[in-house]
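Numbering (the working numbering), first residue to last: 1 to 396.
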C-alpha cells in the first residue's frame, strides 16, 4: 500500500512509475494508467442501468428478482467511489477542494427532480399516497422526503412515507455528501497517510456490519427490518466505495489493476453479484445475516466489479458501455428510481399477468425518460449557460 499523503500534489500529466530489477538496474519507465474518471467511464453508467432495472423488477415482484433490492447497494458503492474520486481529482488539479461548490452542484443536480416528483406525488396522493402504507399525512411525508430524513424516520421511528418511502436511500446519500467531503478535506489537511485512512474505513465497514447484525429485530409480517434503512448499515457500501477510490488513487494499484488482476476482478465481481441476486429469496428479511454479512459482502463484490470496469477493457465493460445501455444509466436512472413507485402505485392494479408486468415496465420507462427530459435536462442546460456566462465575465 502506498504511503503518500492525500495532500501530495501530483502533476496533471500521466505519471511515470519505475521498477527495479534484482540487480539494482532500473527498467525503462512505464506509464501508469491515469486516475479513474480522468475521462468519463460509460461502463459505470451501464452498471447504473443494470442496478435500477434490478430494483424495478424487485418492486414488481418478478420471480428470480427477490434480490433485486441489492441494486441500491450497488448505487451506494458507486456513489462512494465516484464522489471520492472526484474530490481526489479536484485536489490533485487545484490543490484544494471547494466544499461549497461541491454541495451546490449536488443540490442542483438532484433536488429539482426530487421536487418535481414530490409535487406530482402530492397531487396524486389521494390515489397513490398509501402505497405500501403511510404513517404520515401527505404534507408530512413530502416534508420528510424534501429534507432528506426518510432513512432516519424509517430506521429509528418505524414509520413509512407511502409513495415517498423509497426516498430513504436518497437521504442516505445526501447525508453522505454532507459528512464525507469535509472529513476527507480535514484528513488531507492533517496529512493522514492513505494506509491509515483505508484502515479506518475498514474498521468502519466491519464495525457497522457487526452492529447491523446485533441490532437486527425480526420484523412482523412481510415488513422490512428497520436496520435495513439505518445509516449504520447504509454507511457500509458507501465506505467500501470510498476505499476503492483511495486504492485506485495509488499508481501502483492502478498498474496491477490494469492487467490480469483487473480482468479477473471484472468477471469475478460480475459472477458473484449475479449469484447473490439470484441466491437471495423472498425470506431475506427473516435473517440477521442478510444485514450483517450478505449486504456488506454485496458491497464488497460491487467494488471488485467497479474496480475491474474502470481499470481494463473487457467484454463486460464493452456491453455496459454500449450507447443505449450507458445512456439510460447516465440520463434516466435517477429519474427511474424516483418515479417507478408512483407508476406502480397508479397502474399496478391494471397489470395482470406477465404481459401486464411488461406493460408496467414500459410505462416506467416512458415516464422516467419524459421526467428526465422535462426536468433534469433543462436544469443542466441552465447550469451550462450560467457557467458560460461566468466564464465570459472573467475573461472580459
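Yeah, the Cβ is synthetic: ideal placement off N, Cα and C, and Gly gets one too.
Only a predicted model underlies this, so the values are computations on that prediction, with no experimental measurement involved.
Among 201, 161, 195 and 255, which one has its Cα closest to the Cα of residue 180?
201
Would you report the Cα separation of residue 233 and residue 151, rounded to the nearest angstrom?
11 Å
Considering only the alpha carbon of each residue, which of 108, 246, 333 and 123 lies closest to residue 384?
108
Is residue 331 helix, strand or coil by DSSP?
If DSSP states are grouped into helix, strand and coil, residue 331 belongs with the helices.
When DSSP builds the beta bridges, which residues end up paired with residue 161?
134
At which residues does the alpha helix (DSSP H) containing residue 240 begin and terminate?
231-248
From 339, 355, 388 and 330, residue whose alpha carbon lies closest to that of residue 377:
330
Cutoff 8 Å: residue 110 Cβ touching any chain B Cβ:
Structure shown: chain B not included; a single protein chain is present.
So for residue 66, helix, strand or coil by DSSP?
coil
Would you call residue 298 buried or exposed, if buried means 16 or more other Cβ atoms sit within 10 Å of its Cβ?
buried
Where do the ends of the alpha helix (DSSP H) carrying residue 267 lie?
260-279
Count the other C-beta atoms from every protein chain shown that fall within 10 angstroms of the C-beta of residue 344, then say buried if there are 16 or more, exposed otherwise.
The residue in question, residue 344, is buried, as its Cβ has 16 or more Cβ neighbours within 10 Å.
In or out: residue 199 buried (at least 16 other Cβ within 10 Å) or exposed?
exposed
Is residue 366 helix, strand or coil by DSSP?
Taken through DSSP and simplified to helix, strand or coil, residue 366 comes out as helix.
Contact defined as beta carbons within less than 8 Å: I believe residue 255 pairs with residue 32. What is the distance between those atoms, to the nearest angstrom?
5 Å
With the cut-off set at 8 Å, would you say residue 375 and residue 113 are in Cβ contact?
Cβ distance < 8 Å, so residue 375 and residue 113 count as in contact.
Pull up the distance between the alpha-carbon of residue 58 and that of residue 190, whole angstroms please.
If I take the Cα positions, the gap works out to 44 Å.
Only counting the same chain, and skipping five residues up and downstream in sequence, which positions put a Cβ closer than 6 Å to that of residue 159?
135 and 153
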